[in-house]
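This report refers to the structure that appears directly beneath it.
2 protein chains.
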Amino acid sequence: MIYLDNGATSYPKPQSVIYGTMNAVRNYSFNSGRGGYSASIATAEKIYSVREKIGAMFNYEPQNIAFTMNCTQALNMAIKGSVKRGDHVIISSLEHNAVWRVVNHLRKDGIIDFDIAQYDFDEEETVKNFERLIRSNTTVIVCMAASNVFGVAFPLRKIGNLARRHGIRFIVDAAQAAGVMPINSEKDNIDILCAPGHKCLYGNMGTGFIAVNEDVHLDTIIDGGTGSESQNPYQPDFLPDRLEAGTLNNVGIISMGEGISFINSKGMNNIYDHELRMTDILYNGLKRDQNAVLYCPKPEKFSSAPIISFNYKDYPSEKTAALLARQDIAVRAGLHCSPLAHKFFNTLDRGTVRLCPSAFTTQRDCEIFLKRLKKI
Amino acid sequence: MIYLDNGATSYPKPQSVIYGTMNAVRNYSFNSGRGGYSASIATAEKIYSVREKIGAMFNYEPQNIAFTMNCTQALNMAIKGSVKRGDHVIISSLEHNAVWRVVNHLRKDGIIDFDIAQYDFDEEETVKNFERLIRSNTTVIVCMAASNVFGVAFPLRKIGNLARRHGIRFIVDAAQAAGVMPINSEKDNIDILCAPGHKCLYGNMGTGFIAVNEDVHLDTIIDGGTGSESQNPYQPDFLPDRLEAGTLNNVGIISMGEGISFINSKGMNNIYDHELRMTDILYNGLKRDQNAVLYCPKPEKFSSAPIISFNYKDYPSEKTAALLARQDIAVRAGLHCSPLAHKFFNTLDRGTVRLCPSAFTTQRDCEIFLKRLKKI
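If you're matching them up, the sequences are chains A and B in order. Count along the first sequence starting at 1, add 1, and that's the number in the numbering used here. Count along the second sequence starting at 1, add 1, and that's the number in the numbering used here.
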């Protein structure tokens with residue numbers, strides 16, 4: 002199988018992640034922080050080491066990292082935990098349903114109103130598009146680091162700076178960037194960072210985290226046992242306990258830690274460069290194929306994640322993907338849970354086919370893809 | 002290590018679960034239902050087979066099973082998704098913080114009021130205690146199948162019947178029962194069943210599910226991509242998509258499926274009998290030890306989960322557990338995230354030490370425990 006669906010989840014996982022998963026099932030499947038025996042303490046230390054790795058990667062204190070089932074859960078916790086009745090929220094025009102459905106739900110319940118700031122290939126224009134939507138009651142800006150469909154990145158630092166100047170909380174969905182594009186909470190003025198563990202971080206599916214700045218207080222959407230302050234009728238005020246109710250996914254968390262070590266050993270920058278070389282090959286090949294329709298400029302460093310969306314002939318995207326599947330090529334087609342982005346790029350009618358390499362994608366994979374594409 | 006902390010999470014996991022975990026990382030780590038290539042379709046089928054296994058065990062249609070990160074998340078979804086402003090909720094006097102903190106949060110927000118029905122060793126009295134708290138605006142009863150601290154079980158069928166007669170939604174927290182005690186949504190009149198996958202179901206940590214009856218509509222607390230109805234600004238109405246936003250924990254879910262197969266191969270009833278034999282040994286040994294303080298009658302079939310809580314000498318429970326840990330015995334002490342239960346049994350001051358066997362616990366384990374306990 003030629004796997005180019007790393008935007009959905011990275012595959013294969015590094016050997017160290019597979020080994021780490023086994024190790025976690027066998028040796029770290031104990032309730033951390035709730036038992037006093039050595040296996041429980043060793044588990045707690047192992048889990049903490051993953052907080053440290055995430056903290057080091059994105060510039061957070063380890064205890065300010067809370068683990069979630071996925072990036073979606075993290076975004077729900079971030080957004081719903083931030084707003085109060087009467088607030089105004091701004092999101093970008095390329096947001097995933099993990100953001101769009103959340104703000105729609107909040108608006109339907111009469112809690113917030115929201116506006117959509119248009120993406121622009123010009124960074125300054127994008128920032129201006131956010132700025133002109135700011136109202137006196139705007140309390141939250143939510144923006145993705147890069148589009149999960151078209152790869153284009155947002156100028157986080159500039160948007161974060163805008164948010165900070167206006168005293169607005171800045172929430173970032175780093176689903177397609179965390180682990181490949183540099184993100185620094187302090188330099189990028191990010192208040193809350195949400196990310197999955199199973200995409201560019203190379204952990205198992207069912208992992209993710211929410212990273213929260215020191216001065217950010219969040220209401221909780223999930224309450225329960227934390228192994229701390231048990232007699233407190235509410236979630237404890239301190240992190241990560243406040244945002245971690247119930248038993249954690251130790252196996253997944255430890256796999257994510259191994260994934261991060263894999264990235265660190267390769268160098269995140271090197272992985273990004275490698276993947277951009279792969280998207281170069283793919284993009285150039287598609288550009289030469291007169292049946293291919295492209296929607297964005299070629300992915301360039303820092304202005305795009307290594308993701309390409311295209312269509313072929315007059316086929317619906319699902320047909321292209323199905324024909325490629327018959328040739329043992331794995332890509333995803335359709336709307337990728339991001340109708341906003343397709344509305345923006347005028348592809349709502351047939352969606353797009355998405356290509357997303359990983360650290361494991363080879364030049365040969367890309368060439369085989371391009372060759373087989375011509376046959377469909 | 003003599004492991005008697007299976008109430009926190011079962012250990013060890015069956016070999017088939019460990020193998021299934023590996024197999025899932027290698028062969029089923031694809032986005033199910035979102036890709037059209039064979040690996041994605043095979044993954045979707047594998048995930049569906051776990052829904053079928055859970056459905057068969059608790060009498061639900063497979064599609065009415067939604068996967069969560071833990072039982073806590075499932076309970077939050079069940080309770081918060083069920084209530085509207087002005088509702089009255091009844092919970093039992095032994096509920097875990099996964100329920101108590103949820104209703105406290107809802108009350109603090111001015112959404113609901115709630116009352117606590119006292120557990121009684123007499124089933125009829127327990128039911129009456131629920132009945133006398135019913136008001137005209139009572140819409141939800143939440144009750145655990147069995148106490149996570151003291152093991153005592155609730156007469157679910159009778160409480161469910163009471164709820165049904167009054168048109169009240171019945172939500173069950175099966176954290177310590179699912180996989181060992183028989184639960185049947187139809188016979189027990191359960192509207193929503195919540196359970197973890199990593200305790201008596203023998204899956205990995207970070208797994209759980211919410212099972213919802215056909216006629217139950219739930220508002221959502223987590224919104225996001227479902228790979229379905231992408232242009233719908235809200236969660237789809239149909240299950241399981243409505244309750245499953247974002248990427249699932251495939252590895253964990255598949256491990257849970259293997260855990261259920263393990264139970265089915267042994268026979269749930271046989272496992273229950275085995276564990277009760279173990280609690281018999283433990284209970285009788287503690288009863289003969291004049292330094293041990295017990296709080297409940299010996300666990301009996303159907304009236305208790307195989308769980309014992311005790312204290313030793315005048316020690317705080319944490320001291321007893323720490324001294325046992327030095328002898329390589331793993332137990333949990335403290336409040337077990339259930340202050341309500343400790344208030345009821347008058348053990349809030351020092352908590353209790355909990356003993357919980359699994360299918361893997363042997364008579365020898367229990368005897369070693371009893372012998373070492375005498376030394377502390």
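Glycine included, C-beta positions come from ideal geometry on N, C-alpha and C.
6 Å CB neighbourhood of residue i in its chain, flanking five on each side removed
i, result
"residue 310/B", "150, 151, 296, 353, 355"
"residue 242/A", "227, 229"
"residue 324/A", "377"
"residue 24/B", "none"
"residue 362/B", "279"
"residue 289/A", "none"
"residue 3/B", "330, 366, 369, 370"
Minimum C-alpha distance to residue i - residue among the options
i, options, result
"residue 178/B", "347/B, 373/B, 11/B", "11/B"
"residue 377/B", "336/B, 321/B, 333/B", "321/B"
"residue 337/B", "233/A, 373/A, 241/A, 240/A", "233/A"
"residue 225/B", "249/B, 211/B, 13/B", "249/B"
"residue 38/A", "29/B, 156/B, 66/B, 6/B", "6/B"
"residue 345/B", "121/B, 98/B, 100/B, 290/B", "121/B"
"residue 238/A", "8/A, 16/A, 17/A, 64/A", "64/A"
"residue 192/B", "368/B, 113/B, 80/B", "80/B"
"residue 330/A", "298/A, 240/A, 357/A", "357/A"
"residue 252/B", "22/A, 374/A, 268/A, 67/A", "22/A"
"residue 15/B", "267/B, 119/B, 98/B, 375/B", "267/B"
"residue 294/B", "314/B, 138/B, 258/B", "314/B"
"residue 231/B", "339/A, 94/A, 148/A", "339/A"
"residue 364/B", "284/B, 348/B, 334/B, 341/B", "284/B"
"residue 292/B", "374/B, 244/B, 217/B", "374/B"
"residue 96/A", "198/A, 219/A, 203/A, 143/A", "143/A"
"residue 136/B", "124/B, 195/B, 169/B", "169/B"
"residue 82/A", "70/A, 107/A, 62/A", "107/A"
"residue 244/A", "74/B, 371/B, 208/B", "74/B"
"residue 167/B", "217/B, 140/B, 119/B", "140/B"
"residue 265/A", "17/A, 8/A, 3/A, 2/A", "17/A"
"residue 367/B", "117/B, 286/B, 201/B, 134/B", "286/B"
"residue 198/A", "269/A, 212/A, 72/A", "72/A"
"residue 30/A", "48/B, 9/B, 98/B", "9/B"
Neighbour list for residue i in chain A, Cβ cutoff strictly below 9 Å
i, result
"residue 19/B", "23, 26, 27"
"residue 231/B", "98, 335, 336, 337, 338, 339, 340, 343, 352"
"residue 319/B", "37"
"residue 14/B", "26, 27, 30"
"residue 2/B", "38, 39, 40"
"residue 279/B", "Within chain A, no residue comes near residue 279/B; the closest Cβ sits about 19 Å away, beyond 9 Å."
"residue 58/B", "Chain A residues near residue 58/B: none, gap ~20 Å exceeds 9 Å."
Partners in chain B for residue i, counting only beta-carbon separations shorter than 7 Å
i, result
"residue 236/A", "102"
Proximal residues of chain C, C-beta to C-beta of residue i below 7 Å
i, result
"residue 206/A", "Absent from the structure: chain C. Protein chains present are A and B."
Cβ shell of residue i (< 7 Å), same chain only, five flanking positions each side left out
i, result
"residue 351/A", "312, 317, 318"
"residue 163/B", "128, 131, 132"
"residue 51/A", "254, 255, 257, 258"
"residue 190/A", "158, 161, 162, 164, 165, 171"
Where residue i meets chain A, residues with beta-carbon distance less than 7 Å
i, result
"residue 226/B", "73, 97, 98, 99, 338"
"residue 105/B", "234, 235"
"residue 197/B", "248"
"residue 326/B", "37, 38, 39"
Close Cβ partners of residue i (< 8 Å) along its chain, the five nearest in sequence each way excluded
i, result
"residue 32/B", "41, 44, 228, 248"
"residue 146/A", "154, 155, 157, 173, 174, 175, 176, 177, 178, 179, 182, 184, 306"
"residue 302/B", "273, 274, 277"
"residue 405/B", "In the structure as shown, chain B begins at 2 and stops at 377. Residue 405/B is therefore absent and cannot be evaluated."
Where residue i meets chain B, residues with beta-carbon distance less than 8 Å
i, result
"residue 223/A", "73, 74, 77, 222"
"residue 331/A", "31, 36, 38, 40, 41"
Counting only runs of 4+ residues fully inside the segment 4-64 of chain A, write out the alpha helix (DSSP H) ranges in chain order. Given a length threshold of 4 residues, each whole run of the alpha helix (DSSP H) inside the segment 4-64 of chain A is given here in chain order: 16-28, 39-59.
Hey, which unbroken runs of the beta strand (DSSP E) at 3 residues or more fall wholly within the segment 128-208 of chain B? 139-145, 170-174, 193-197
Which parts of the segment 332-363 of chain A are runs of the alpha helix (DSSP H), unbroken and 4 residues or longer, counting only runs that do not cross its ends? 340-345
Which whole runs of the beta strand (DSSP E) in the segment 248-334 of chain A are 3 residues long or more, in chain order? Secondary structure in the segment 248-334 of chain A: the beta strand (DSSP E) runs of 3 residues or longer, each lying completely within the stretch, are 293-295, 309-313 in chain order.
Select from the segment 173-186 of chain A all residues with a C-beta closer than 9 Å to any C-beta belonging to chain B, and list them in chain order. none
Every unbroken alpha helix (DSSP H) inside the segment 65-89 of chain A [4 residues or more]: 72-81
Interface residues of the segment 299-323 of chain A facing chain B [CB-CB below 8 Å]: From the segment 299-323 of chain A, only 319, 322, 323 have a Cβ closer than 8 Å to chain B.
Members of the segment 251-277 of chain B that neighbour chain A once the beta carbon cut-off is set at 7 Å: 251, 252, 253
Positions along the segment 132-147 of chain B whose CB lies within less than 7 Å of some CB in chain A: Going along the segment 132-147 of chain B in chain order, one finds no residue with a Cβ nearer than 7 Å to chain A.
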